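Participant:
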Amino acid sequence: MAPGALAKSAVRRVQGVARQAIYRRREQVDEAQLLESFGATRAEDLVTLALDHRTSRAWCELSQRGSARAAIERLPGAKARTLERAARALRQEWDVFGTQVSFGEGKPVDWSLEPVSGRHYPVDPVERMPLHVTGMDPKYPWVMARLDSVVALAQGAWVADTEAERSRFATAFVVQTLDFLQANPVGMGVHWTCAMEIGLRAANVAQALVMFADRPEVRRPEFLVPVLGALAEHCAWVEAHLEDTSAVPNNHLVSNYVGLAVVGALFPELPGAPRQVALAANGLRTQMDAQVHPEGTSFEGSIPYHRLSVELFTLAFLVARGAGVSLGPAYEARLRLMFVAARAWSSESGLAPQIGDNDSGRVFPFQEREDGDHGYLAGLGAALFNDAGLGGGVFPDEAAWLLGDAGLVRFNALPVAPAPASVSFAEGGFHILRGEGVVLTVSAGKQGQRGVGGHSHNDKLSFELHFNGRPVIVDPGTGSYTRDPALRNAMRSTAAHNTLQVDGAEQAPLDPARLFALPEDARARVVAFQPGAKHDRLVVRHDGYRHLPSPVGIERTFFLDRHVRALAVGDRLVGTGHHEVVGRLHLPDGQARWCKPAAEVMARAGRVQEGPEAFDARALEIGPAEAPVGWVLFGRGLETSLVPSRYSPGYGRVVPAVSVEFRRQLTPPAWLGWVFVFR
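Going by full-length UniProt numbering, 118 is the number at position 118 of the sequence shown; the sequence numbering is gapless.
1) Do you know offhand how far Gly392's Cα is from Leu224's?
2) Helix, strand or coil for Glu239 per DSSP?
3) If you measure between the beta carbons of Met136 and Glu105, is that distance less than 9 Å?
4) Would the segment 596 to 615 count as touching the segment 502 to 515 if we require 3 or more Cβ pairs under 8 Å?
5) Excluding the 5 residues flanking Phe516 on each side, which residues of the same chain have their C-beta closer than 6 Å to its C-beta?
6) Among Leu440, His586 and Val438, whose alpha-carbon lies nearest the alpha-carbon of Asn498?
7) Mapping the DSSP letters down to three states, classify Asp616 as helix, strand or coil.
8) Tell me Asp95's beta-bridge partners as DSSP assigns them.
9) Keeping to the same chain, check which residues put their C-beta closer than 7 Å to that of Ser255; ignore five residues upstream and five downstream.
10) At least one CB of chain D closer than 9 Å to the CB of Leu518: is that the case?
11) Hey, how far is the Cα of Pro485 from the Cα of Val116?
12) Report the option in Gly156, Ser349, Glu520 and Ala236 whose CA atom is closest to the CA atom of Glu370.
13) Which residue wins for smallest C-alpha separation from Gln449, given the options Gly356, Gln15 and Gly407?
14) Suppose the cutoff is 7 Å on Cβ atoms and the five residues either side in sequence are ignored; what does the same chain contact list for Gly544 look like?
15) Under 8 Å, with one C-beta from each stretch per pair, do the segment 458 to 477 and the segment 320 to 336 reach the 3-pair mark?
16) Taking Ala598 as the reference, which of Phe615, Gln591, Gly590 and Val582 has the closest Cα?
17) Just reading off the alpha helix (DSSP H) that Gln155 is part of, what are its end residues?
18) Measure how close the beta-carbons of residue 683 and Gly635 come, nearest whole angstrom, since I'm counting them as under 8 Å.
19) Just to confirm, is the Cβ distance from Leu284 to Leu351 under 9 Å?
20) Please tell me whether Val72 and Val143 are closer than 9 Å, where the distance is taken between their beta carbons.
21) At what residue ranges does the segment 341 to 366 contain a whole run of the beta strand (DSSP E), taking only runs of 3 or more?
22) Output the residue ranges of the alpha helix (DSSP H) runs that lie fully inside the segment 424 to 452 and measure 4 residues or longer, sorted by chain position.
23) State buried or exposed for Val238, treating a residue as buried only when at least 16 other CB atoms are found within 10 Å of its CB.
24) At the level of alpha carbons, what is the spacing between Asp124 and Met188?
25) Please report the straight-line C-alpha distance between Asp161 and Gln155, rounded to a whole angstrom.
26) Would you mind reading off the limits of the alpha helix (DSSP H) that contains Ala86?
27) Could you check whether the segment 658 to 668 touches the segment 574 to 592, counting it as contact only if at least three pairs of C-beta atoms, one from each stretch, sit closer than 8 Å?
28) Count the other CB atoms, across all protein chains shown, that sit within 10 Å of the CB of Gly428; report buried if there are 16 or more and exposed otherwise.
29) Would DSSP call Glu555 helix, strand or coil?
30) Closest to Arg85 by CA distance: which of Leu228, Asp397, Glu233 and Trp674 is it?
31) Is it true that the CB of Tyr121 sits closer than 9 Å to the CB of Pro141?
32) On the CB-based measure, 16 or more other CB atoms within 10 Å of its CB, does Val96 come out buried or exposed?
33) To test your reading of the DSSP string, which unbroken alpha helix (DSSP H) runs of 4 or more residues are found completely within the segment 10 to 58?
34) Relative to the C-alpha of Val574, which residue among Gly375, Trp671, Ser648 and Ser167 is closest?
35) Pull up the distance between the alpha-carbon of Arg362 and that of Leu560, whole angstroms please.
36) Is the closest heavy atom of the ligand ATP to the C-beta of Val210 under 8 Å?
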């Protein structure tokens with residue numbers, strides 16, 4: 001990093017220490033402070049002052065309930081989906097990265113349980129918390145304690161048809177919220193170790209409280225006083241522990257600001273709320289500029305994290321706007337481009353490529369979705385910005401809740417936008433070639449987070465290929481973070497990606513002690529991006545093997561021929577010495593086999609420009625035997641084999657798969673290549 005950036009990081013660390021010192025000297029918010037801040041003389045007065053005198057027009061206000069319900073009832077299956085989510089929240093059931101956890105309606109929740117290991121995090125002061133313990137992962141209990149379950153309960157109450165159902169959901173909200181607060185005192189245990197989680201939890205409780213504002217179960221001082229106090233304490237903690245002290249602040253800091261903005265905008269009378277809203281608004285404007293490139297891509301170096309960032313910035317925008325807080329035209333313009341970028345790489349089924357880390361994170365999970373589903377963002381963005389360039393497709397549940405019936409009317413009035421075209425996002429490092437059912441996304445750019453690489457992988461010149469809406473050649477994913485450091489590094493290694501590996505070396509060194517850093521050694525970049533009417537050509541290069549005793553540079557060419565319906569990929573190596581080169585194509589499952597290609601397949605492969613002059617006698621058939629999606633034909637002279645592999649379609653889940661390896665001993669300059677012929 002530049003010396004100036006390091007100096008700013010040091011200043012932020014000093015400021016963080018000072019904030020925490022001030023926080024430790026303060027007194028916790030008590031009933032007397034709450035009464036004073038709301039201008040009340042009795043606890044009973046808080047009910048009216050906090051829940052009835054509402055000026056906000058945010059999506060979660062009771063004034064928006066009729067509009068949201070009307071939109072939900074007009075979407076096929078949306079009401080049933082809402083009630084099913086609410087029923088799971090009622091039963092206190094969570095799907096924690098594929099692990100099912102259930103505690104039963106009205107029963108205490110084991111909030112400190114790490115469900116995979118069966119072990120518990122101690123409820124100790126956070127200063128003594130052993131957060132990173134091999135075999136355990138704090139993200140698992142954090143899923144439960146983020147309390148998006150209470151928002152699901154409130155949504156269930158909004159669409160429920162009977163008073164008994166509404167009462168049941170409201171009672172569950174009261175019980176679950178108080179149970180969490182009693183089991184997790186301020187500053188104690190795993191749920192006070194990450195300001196991101198604290199801020200988002202506070203935002204969820206605040207939104208749910210507003211949604212339940214007319215329920216008698218909620219309108220009791222013995223509930224309202226501790227919950228309002230908890231919201232104030234959550235925000236005070238976040239303000240004192242802002243995650244801005246790292247070298248390059250990332251989505252955690254945005255989450256901090258989102259929590260402060262949502263709580264403060266919905267309950268501006270809380271102690272410190274006006275200051276915190278101003279802090280959050282300024283911070284969100286700054287981070288939108290710092291963490292989102294002008295082209296609309298997130299700076300995280302990860303497409304899955306782009307979805308998280310879109311939801312974070314969108315929730316802040318909508319709640320702030322509803323409360324009359326402007327984040328400015330520049331913020332709004334760049335947010336719109338984030339939706340445009342998500343549409344650009346989503347397949348016809350809405351699935352995005354899994355490039356970079358994937359922790360399956362969401363902010364408003366109002367509908368159960370695949371970990372790679374970005375397709376709903378186009379519909380949300382179209383309705384939010386009345387943007388014809390995002391029109392068509394499906395109006396998602398998320399838009400119905402956040403924008404109501406007016407959003408649905410806007411969406412339905414928009415024309416259908418043209419299909420996404422091939423595009424190169426130079427700053428994000430993602431380059432998309434598409435057509436005839438093919439979506440090819442190539443990784444070639446700088447490490448994310450301005451070179452820190454916290455969520456980047458050794459995937460330069462690698463790609464993910466979708467065909468007819470489904471992934472065919474995949475990035476194997478993330479697997480785990482701190483639970484299994486060896487798995488973490490294996491899944492972000494060069495060998496885990498669809499790129500060349502020279503002499504077994506890494507493109508950039510993986511430091512076992514730094515699971516969230518990856519140096520900028522490869523210096524990947526685009527040489528040429530040439531989209532055309534019948535074919536697209538992309539040439540990319542990286543220097544990750546220039547550090548070898550006999551240095552090697554790699555240039556890879558992708559040629560998508562929409563007329564022949566085939567993809568040619570060629571690698572040119574320039575350098576010195578003799579090397580062993582291995583390339584890999586990772587599949588999401590085991591559905592692949594060697595075969596003798598049909599004459600028609602061979603003929604099509606031979607017609608593609610940039611492909612090999614001669615092919616091996618056998619081809620790799622990919623997909624179900626009765627309905628293959630295509631065939632990979634390798635250039636003559638490559639040694640090929642199918643080997644066992646692993647695929648992580650979402651955080652915490654790893655399934656068996658296979659990959660094909662092609663290798664060759666060579667002395668540069670040299671060229672090798674292959675062609676994928678689509679069915």
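Note that CB positions come from ideal geometry on N, CA and C, so glycine has one too.
In this text, all values refer to a predicted model and were calculated from it rather than measured experimentally.
Facilitator: So, to answer that:
1) Approximately 43 Å between the Cα atoms of the pair.
2) In the three-state DSSP reduction, Glu239 falls in the helix class (H, G or I).
3) No, the Cβ-Cβ distance between Met136 and Glu105 is not below 9 Å.
4) For the pair of segments examined, the segment 596 to 615 was found not to touch the segment 502 to 515: the number of CB pairs separated by less than 8 Å stays below three.
5) Taken in chain order, the residues that qualify are Gly454.
6) Looking at the Cα atoms, His586 is the closest of the given residues.
7) It is a strand residue.
8) BP columns for Asp95 point to Gln100.
9) The beta carbon of Ser255 lies closer than 7 Å to those of Met196, Gly199, Leu200 and Leu312 in the same chain, with the five residues before and after it left out.
10) Within the model displayed, chain D is absent; a lone protein chain is all it includes.
11) If I take the Cα positions, the gap works out to 16 Å.
12) When the alpha-carbon of Glu370 is set against those of Gly156, Ser349, Glu520 and Ala236, the nearest one is in Ser349.
13) Taking each of Gly356, Gln15 and Gly407 in turn and checking the Cα distance to Gln449, the smallest one comes out for Gly356.
14) Closer than 7 Å at Cβ, skipping near neighbours: Lys460, Gln507, Ala508, Asp521 and Ala522.
15) Contact between the segment 458 to 477 and the segment 320 to 336 is absent, because fewer than three Cβ pairs lie under 8 Å.
16) Ranking Phe615, Gln591, Gly590 and Val582 by Cα distance to Ala598 puts Phe615 first.
17) In this chain, the alpha helix (DSSP H) harbouring Gln155 covers Asp148 to Val159.
18) Absent from the structure is residue 683, since the part of the chain shown begins at 1 and ends at 679.
19) No, the pair does not count as a contact, with Cβ atoms beyond the cut-off.
20) First, the residue type needs correcting, since residue 72 is Ile and not Val in the sequence shown. No, the Cβ-Cβ distance between Ile72 and Val143 is not below 9 Å.
21) Secondary structure within the segment 341 to 366: not one fully enclosed beta strand (DSSP E) run of 3 or more consecutive residues is present.
22) Qualifying alpha helix (DSSP H) stretches: none in this window.
23) Classification of Val238: buried, given that the 10 Å Cβ count is 16 or more.
24) Straight-line Cα distance between these residues: approximately 5 Å.
25) Their backbone Cα atoms lie some 12 Å apart in a straight line.
26) Ala78 to Leu90 is the span of the alpha helix (DSSP H), which, as asked, contains Ala86.
27) Flag = yes, the segment 658 to 668 and the segment 574 to 592 touch.
28) Residue burial is scored here from C-beta neighbours: Gly428 has at least 16 other C-beta atoms within 10 angstroms and is therefore classed as buried.
29) Glu555 falls in the strand class under three-state DSSP.
30) For Arg85, the closest alpha carbon among the candidates Leu228, Asp397, Glu233 and Trp674 is that of Asp397.
31) Their beta carbons are under 9 Å apart, which means Pro141 touches Tyr121 by this criterion.
32) Burial call: buried.
33) Counting whole runs of 4 or more residues, the segment 10 to 58 contains the alpha helix (DSSP H) stretches 31 to 38 and 43 to 51.
34) Closest option to Val574, Cα to Cα, is Trp671.
35) Near 33 Å, if we compare the C-alpha coordinates of Leu560 and Arg362.
36) The ligand ATP is not part of the structure shown, which contains no ligands of any sort.
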